[in-house]
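Residue numbers for the sequence shown follow the working numbering, so the first one is 87 and each next one is one higher.
Cβ atoms here follow ideal geometry from the backbone N, Cα and C, with glycine treated the same way.
Computed from a prediction, not measured in an experiment: that's the story for all the values here.
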Amino acid sequence: ALSTPYGKTSKNVATQILQGAGPPQVDMNKYNLRSLNQIEEEWTANIVQKAGEKSSGLLLRAKSGREIFADTVTVTFPRKRDAGLGIQLMELAGGREDGLGITVVTGLVEGGSAEGLDILPGDSISKVSIVRQRKQAGGGSGVSETQEEFSVATECLSYDATVDAILSLPSQSDNLEEYYSLELKRLRRKPKVTVNLRYPPSQEEPDETIEMFAGENLRQGMLMRGVKLNDPMAQRFDTKNGGNCGAGGLCRTCSVSMLKGGELLNPQRVAEKQMLDDNPRWRLACKAIVGFGMREGEMTIKVNPRQWDI
87 ALSTPYGKTS
97 KNVATQILQG
107 AGPPQVDMNK
117 YNLRSLNQIE
127 EEWTANIVQK
137 AGEKSSGLLL
147 RAKSGREIFA
157 DTVTVTFPRK
167 RDAGLGIQLM
177 ELAGGREDGL
187 GITVVTGLVE
197 GGSAEGLDIL
207 PGDSISKVSI
217 VRQRKQAGGG
227 SGVSETQEEF
237 SVATECLSYD
247 ATVDAILSLP
257 SQSDNLEEYY
267 SLELKRLRRK
277 PKVTVNLRYP
287 PSQEEPDETI
297 EMFAGENLRQ
307 GMLMRGVKLN
317 DPMAQRFDTK
327 NGGNCGAGGL
337 CRTCSVSMLK
347 GGELLNPQRV
357 AEKQMLDDNP
367 RWRLACKAIV
377 GFGMREGEMT
387 IKVNPRQWDI
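Set out below in structure tokens:
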């Protein structure tokens with residue numbers, strides 16, 4: 087396996103799970119790590135193989151990948167004249183001839199271009215861009231606007247290499263409007279959902295509570311935690327016979343009844359609504375995503391709901 091002094095090769099499974107939660111519907115800063123010491127300890131770098139390509143890249147990750155993830159934050163702001171970027175940096179790892187390392191933000195300079203913005207201590211700058219806007223009078227009374235962008239990648243660079251990359255960007259133009267666009271990596275804890283499970287009396291299983299991460303598939307997450315989801319009374323929607331469809335959304339053996347917290351799941355699609363039209367509180371666990379919108383909360387569900395009325 088490929089390796090680096092800062093970590094090992096990663097498939098970034100954690101990020102794939104979180105992507106299932108869809109666009110955030112909450113202020114993601116509520117999940118920020120609060121301790122700068124913890125942030126400094128958590129940063130690491132992994133070599134990641136790009137899908138469908140032979141090349142690989144060095145990307146920042148969290149050491150505690152099960153509980154913490156590296157999110158991407160983009161900040162855009164005007165380039166102040168003669169003010170500089172105004173970001174204080176510190177090197178966590180470096181000293182290599184190839185310029186690789188880990189460099190993080192420690193603060194913002196008073197009067198700098200970035201003053202007062204959402205750039206936090208512990209963030210790492212992964213990309214810096216300068217955007218130039220040029221306005222020209224067009225035909226008639228119209229005005230045309232063109233943009234020119236200059237970018238440098240700074241992810242996983244030492245302090246010196248980061249500064250050199252930023253200084254390589256074009257100096258400020260005298261007659262053009264210019265903006266900085268920064269891509270930051272920020273460590274955040276993964277949102278969690280508490281799931282209270284209620285089993286039918288006939289199953290003779292004690293009720294229990296599990297925790298799941300936002301973006302997890304409900305069926306897969308429950309099975310991974312040892313929850314039995316195989317209702318023998320269920321019938322396939324397509325053939326009306328028994329049999330597990332293997333998460334294809336056809337057999338209804340993984341149906342659950344939502345007693346509380348149904349809003350923490352992704353909206354039903356048309357096919358699932360049609361299948362469960364006679365039971366509006368039910369969901370197919372194989373089609374349900376927990377913590378949709380990166381929300382936290384508590385859910386209570388009935389497992390194998392057809393068995394409750396026996």
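Mapping the DSSP letters down to three states, classify residue i as helix, strand or coil.
i      : result
Glu128 : helix
Asn365 : coil
Arg322 : Below a pLDDT of 50, predicted positions are generally treated as unreliable, and Arg322, at 49, falls in that range; no measurement from the model is reported.
Leu122 : helix
Gln233 : strand
Val342 : strand
Met385 : strand
Gln393 : helix
Val313 : coil
Asn303 : strand
Met298 : strand
Gln289 : helix
Gln222 : strand
Val376 : strand
Asn327 : In this prediction, Asn327 has a pLDDT of 48, which is less than 50 and means its spatial position is unreliable; what the coordinates show is noted afterwards. Coil.
Val134 : strand
Gly106 : coil
Would you mind working out which of the options sits nearest residue i, comparing C-alpha positions?
i      : options                           : result
Gln233 : Gln258, Leu262 and Gly185         : Leu262
Asp260 : Arg220, Pro277 and Lys271         : Arg220
Cys337 : Met361, Gly347, Asp209 and Leu351 : Met361
Pro366 : Gly377, Phe378, Pro391 and Ala200 : Pro391
Val159 : Leu206, Glu177, Ala357 and Arg152 : Leu206
Glu201 : Ser237, Leu144 and Tyr266         : Tyr266
Leu175 : Val249, Asn303 and Ile154         : Val249
Gly106 : Phe299, Gly312, Arg165 and Trp394 : Phe299
Arg284 : Met308, Gln258 and Glu177         : Met308
Pro286 : Val313, Lys276, Glu269 and Leu119 : Val313
Gln289 : Val389, Ile154, Arg218 and Ala156 : Val389
Gly180 : Pro256, Thr130, Gln111 and Gln306 : Thr130
Lys116 : Ile216, Arg275, Phe378 and Arg355 : Arg275
Asp364 : Lys166, Ser341, Gln124 and Leu194 : Ser341
Ser257 : Glu269, Ser215 and Arg272         : Ser215
Leu122 : Arg182, Gly193, Asn132 and Ser254 : Gly193
Arg147 : Val238, Lys359, Ile125 and Gly185 : Ile125
Glu127 : Pro109, Gln111, Ile154 and Val134 : Ile154
Asn303 : Cys372, Leu203 and Gln222         : Cys372
Arg305 : Gly379, Ile375, Asn132 and Lys271 : Ile375
Asn118 : Asp204, Gly170, Gly172 and Gly185 : Asp204
Arg272 : Met114, Ala239, Gly379 and Gly170 : Met114
Ser150 : Pro164, Leu171, Asn132 and Glu177 : Asn132
Val112 : Gln393, Leu253 and Phe378         : Phe378
Lys166 : Ile252, Leu145 and Glu264         : Glu264
Pro110 : Gln222, Gly301 and Leu255         : Gly301
For residue i, does the count of other Cβ atoms within 10 angstroms reach 16, so buried, or fall short, so exposed?
i      : result
Arg310 : In the sequence as presented, Arg is not what sits at residue 310; that position holds Met. Classification of Met310: exposed, given that the 10 Å Cβ count is below 16.
Glu196 : exposed
Arg152 : exposed
Gly328 : With a pLDDT of 49 at Gly328, under the threshold of 50, the modelled position of this residue cannot be trusted; read the value that follows with caution. Result: exposed.
Ser199 : buried
Phe236 : exposed
Asp168 : exposed
Ala357 : exposed
Gly143 : exposed
Thr162 : exposed
Arg355 : exposed
Lys346 : exposed
Ser343 : buried
Ala156 : buried
Thr325 : Here the model assigns Thr325 a pLDDT of 49, short of 50, so the residue's position is not dependable, and the following value carries that caveat. Exposed, because fewer than 16 other Cβ atoms sit within 10 Å of the Cβ of Thr325.
Arg182 : exposed
Leu171 : buried
Say whether chain B places a C-beta atom closer than 9 Å to the C-beta of residue i.
i      : result
Leu175 : In the displayed structure, chain B is absent; only one protein chain is listed.
Taking only runs that begin and end inside the stretch 141-217, name each unbroken beta strand (DSSP E) of 3 or more residues, in chain order. Considered as a whole, the stretch 141-217 harbours 142-148, 154-164, 173-179 and 188-194 as its complete beta strand (DSSP E) runs of no fewer than 3 residues, in chain order.
Ranges of the beta strand (DSSP E) found wholly within the stretch 236-287, counting only runs of at least 3: Runs of beta strand (DSSP E) with 3 or more residues, each lying fully within the stretch 236-287, are found at 263-275 and 278-284, listed in chain order.
Is it the case that the stretch 202-220 contacts the stretch 185-193, given that we only count it when at least three CB pairs across the two stretches are under 8 Å? A contact exists between the stretch 185-193 and the stretch 202-220.
Using 8 Å as the threshold, is the stretch 376-392 in touch with the stretch 344-355, meaning 3 or more CB pairs across them? Touching, yes.
Between the stretch 291-310 and the stretch 237-252, do at least 3 Cβ pairs fall closer than 8 Å? With a cut-off of 8 Å, the stretch 237-252 and the stretch 291-310 do not count as touching, because too few Cβ pairs lie within range.
Taking 8 Å as the cut-off, does the stretch 267-284 touch the stretch 370-384 (at least 3 CB pairs, one atom from each stretch)? With three or more CB-CB distances shorter than 8 Å, the stretch 370-384 counts as touching the stretch 267-284.
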